[in-house]
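Trainee:
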Amino acid sequence: MIIQPKTRGFICITSHPEGCAKNVQNQIDYIKSKSPIDGAKNVLVIGASTGFGLASRITSAFGENAATIGVFFEKPPAEGRTASSGWYNTAAFEEQAHKAGLYAKSINGDAFSNEIKEQTAQLIKKDLGKIDLVIYSLASPVRTHPETGVRYKSTLKPIGNTYTNKTVDFHTGEVKEISIEACTEEDIVNTVTVMGGEDWQLWIDKLKKEGLLADNFKTVAYSYIGPKLTEPVYRKGTIGKAKDHLEATAFNITDGLKDIKGKAFVSVNKALVTQSSSAIPVIPLYISLLYKVMKEKNLQEGCIEQIYRLFKERLYLDEIPVDSEGRIRIDDLEMRDDIQEKVAQLWKEATTESLSEIGDLEGYKDEFFNLFGFNFDGIDYEKDTNEMVSIPGLQ
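Numbered according to the UniProt record's numbering, the sequence shown terminates at residue 395, and the numbering increases by one at each position without gaps.
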């Protein structure tokens, strides 16, 4: 079929297998161009198919020569209908990993469920024995609780008061005002249940109980803080409560791993164009201004650059540098005073007319469509493409 991008709001409902393969290959090439990492040998990535999770799997495999198991929930292709981008990303990753002689297998299903945890544990037991590193990078908006069967849905709302500020429709470039109603207590409970640390804790507890965690084991979950500009809707909103819970969970997990000298960390990453961030009001405008400033200062990083730096310069040092709250910070460049002061100044100037000059909306749009395999040079998007791609190591 001829595959073109079709969008619905902040999601692209088609994806291009050759473009997704190009996206994965670019990240592999980047890691291969860097010095090797003396890190984990057996890695489980939960949420492994897009964004930071995919970058973590690529960095583990091609930076550390690690065996990797990836868990995700992606839509397979059907005749005349494309798979989701994460499916094609994983297919491309596994093809390259297997060519390089690396172990790579995948499990597609609801990572919140007991069944997928059990299936993953059995695969580790059979093939790898023990795991050195677990990356937790789930970004689902809904979660069915494995014990009660209750379905929870997260929200992106401020706490206390309605929040009004600018945002941009990145498809049209229109800068407009948006108001988001304050949340209820139920919204907070729902969001913490979906995006907090409970499921991360359940994963680690399950793997430890099964004897699958190596001595000096590490686990990392990803978080975001961001600037004062986005605080009301992000860090001080419902999602911020979930991130607080996630960060508190790291200490609980570490306490439970003392007998194997294990540690849990939260890594605070920079703002990037991901399927998740595109859904958050205000964030697309902030990112388009941030990209402009960081590119001008030669400081811009994507997912793969961020994760390589996390692994190489933080995670495997004898003493892992953390902030006063015990978090690893690789948002350090984004949060530099000179960067934030410039973004705050541009924010005041941002209008529909000025944004093309003062921001990087084109860069934002390109990265958004890259997530789904579109807008890559060297790919003919007018030609027939086989949508029926399989994942070689899918269990």
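Every residue, glycine too, gets a C-beta built ideally from N, C-alpha and C.
For I178, write down the residues that DSSP places opposite it in a beta bridge.
Mentor: Against the sequence shown, residue 178 aligns to sequence position 178. The bridge partners DSSP lists for I178 are N165.
Trainee: Taking the alpha carbon of P392 as the point to measure from, which residue in K41, S15, I204 and N108 has its own alpha carbon closest?
Mentor: Numbered from 1 along the sequence shown, position 392 holds the residue referred to as residue 392. When each option's Cα is compared against that of P392, the closest is N108.
Trainee: Using only CA atoms, which one of G160, F265, D259 and G240 lies nearest to K209?
Mentor: To locate residue 209, count along the sequence shown from 1; it is residue 209. Among G160, F265, D259 and G240, the Cα nearest to that of K209 belongs to D259.
Trainee: So the candidates are P17, S154 and R327; which of them puts its Cα closest to the Cα of K383?
Mentor: Taking the first residue of the sequence shown as 1, we reach residue 383 at position 383. The shortest Cα separation from K383 among P17, S154 and R327 belongs to P17.
Trainee: Mark K117 as exposed unless 16 or more other C-beta atoms lie within 10 angstroms of its C-beta, in which case mark it buried.
Mentor: Numbered from its first residue, the sequence shown carries residue 117 at position 117. K117 is buried by the Cβ-count criterion.
Trainee: Tell me the DSSP secondary structure of F56 in three-state form.
Mentor: The count along the sequence shown starts at 1 and reaches residue 56 at position 56. Before going further, note that residue 56 is Ser rather than Phe in the sequence given. Correct three-state label for S56: helix.
Trainee: Expressed to the nearest angstrom, what Euclidean distance is found between the alpha-carbon atoms of L355 and T162?
Mentor: Against the sequence shown, residue 355 aligns to sequence position 355. Against the sequence shown, residue 162 aligns to sequence position 162. Those two C-alpha atoms are separated by around 25 Å.
Trainee: Which word fits L36, buried or exposed, when buried means at least 16 other C-beta atoms lie within 10 angstroms of its C-beta?
Mentor: Taking the sequence shown and counting its residues from 1, the one referred to as residue 36 is at position 36. The identity of residue 36 in the sequence shown is Pro, whereas the question assumes Leu. Answer is exposed; the Cβ neighbour count stays below 16.
Trainee: Within 8 Å, do at least three Cβ pairs link the stretch 41 to 61 to the stretch 315 to 323?
Mentor: They do not touch, by the three-pair rule.
Trainee: Among E147, S154 and L299, which one has its Cα closest to the Cα of D332?
Mentor: Position 332 of the sequence shown, counted from the start, is the residue given in the question as residue 332. Out of E147, S154 and L299, L299 has the C-alpha closest to the C-alpha of D332.
Trainee: Closest to K295 by C-alpha separation, out of D127, E94 and E334, would be which residue?
Mentor: For the purposes of this step, residue 295 is taken as the residue at position 295 of the sequence shown. Ranking D127, E94 and E334 by Cα distance to K295 puts E334 first.
Trainee: For I225, which residues in the same chain have their Cβ closer than 7 Å to its Cβ, ignoring the five residues on either side in sequence?
Mentor: Taking the sequence shown and counting its residues from 1, one reaches residue 225 at position 225. Counting only Cβ-Cβ distances below 7 Å, and skipping sequence neighbours, we find R235, V268 and D331.
Trainee: Starting from N42, trace the beta strand (DSSP E) in both directions and tell me its first and last residue.
Mentor: Numbered from its first residue, the sequence shown carries residue 42 at position 42. Here the beta strand (DSSP E) through N42 covers N42 to I46.
Trainee: Compute the distance between the beta-carbons of I69 and A91, then report whether it is under 9 Å.
Mentor: The residue you call residue 69 lines up with position 69 of the sequence shown. The residue you call residue 91 lines up with position 91 of the sequence shown. Cβ distance not < 9 Å, so I69 and A91 don't count as in contact.
Trainee: At which residues does the beta strand (DSSP E) containing Y291 begin and terminate?
Mentor: Counting from 1 along the sequence shown, the entry for residue 291 is found at position 291. No beta strand (DSSP E) holds Y291; the alpha helix (DSSP H) holding it covers I283 to E296.
Trainee: Using only CA atoms, which one of F62, C20 and Y222 lies nearest to D38?
Mentor: What you label residue 38 is simply residue 38 of the sequence shown in a count that begins at 1. For D38, the nearest C-alpha among the options comes from F62.
Trainee: Based on the DSSP output, what are the partners of F265 in its beta bridges?
Mentor: The count along the sequence shown starts at 1 and reaches residue 265 at position 265. Its beta-bridge partners are V220.
Trainee: First and last residue of the beta strand (DSSP E) that includes G39?
Mentor: Numbered from its first residue, the sequence shown carries residue 39 at position 39. Element bounds for G39: n/a, residue is neither H nor E.
Trainee: Pick from D205, K243, I28 and F376: whose alpha carbon is nearest that of S223?
Mentor: The residue labelled residue 223 in the question sits at position 223 within the sequence shown. Nearest of D205, K243, I28 and F376 to S223, Cα basis: K243.
Trainee: Would you give the residue range spanned by the alpha helix (DSSP H) that Y88 belongs to?
Mentor: Indexing the sequence shown from 1 puts residue 88 at position 88. Unbroken alpha helix (DSSP H) run through Y88: S85 to K99.
Trainee: Quick one, which of V220, L212 and K6 has its alpha-carbon nearest V266's?
Mentor: Counted from its first residue, the sequence shown places residue 266 at position 266. The option with the nearest alpha carbon to V266 is V220.
Trainee: Would the stretch 146 to 153 count as touching the stretch 267 to 286 if we require 3 or more Cβ pairs under 8 Å?
Mentor: no
Trainee: So H245 packs on V192, CB below 8 Å; how close in whole Å?
Mentor: Along the sequence shown, one-based indexing puts residue 245 at 245. Along the sequence shown, one-based indexing puts residue 192 at 192. The Cβ separation is near 5 Å, so the contact holds.
Trainee: Using three-state DSSP, classify I328 as helix, strand or coil.
Mentor: Residue numbering aside, residue 328 sits at position 328 when the sequence shown is read from its first letter. The answer is strand: DSSP assigns I328 an E or B state.
Trainee: Using a 10 Å radius around the Cβ and a threshold of 16 neighbouring Cβ atoms, would you call K241 buried or exposed?
Mentor: Counting from 1 along the sequence shown, the entry for residue 241 is found at position 241. Its Cβ being crowded by 16 or more others within 10 Å, K241 is buried.
Trainee: Looking at A139 and Q275, is the spacing between their C-beta atoms short of 9 Å?
Mentor: In the sequence shown, the residue the question calls residue 275 occupies position 275. In the sequence shown, the residue the question calls residue 139 occupies position 139. Yes. Within cutoff.
Trainee: Considering only the beta carbon of each residue, do S137 and A48 sit closer than 9 Å?
Mentor: Residue 137 sits at position 137 when you count from the first residue of the sequence shown. Residue 48 sits at position 48 when you count from the first residue of the sequence shown. Yes, the Cβ-Cβ distance between S137 and A48 is below 9 Å.
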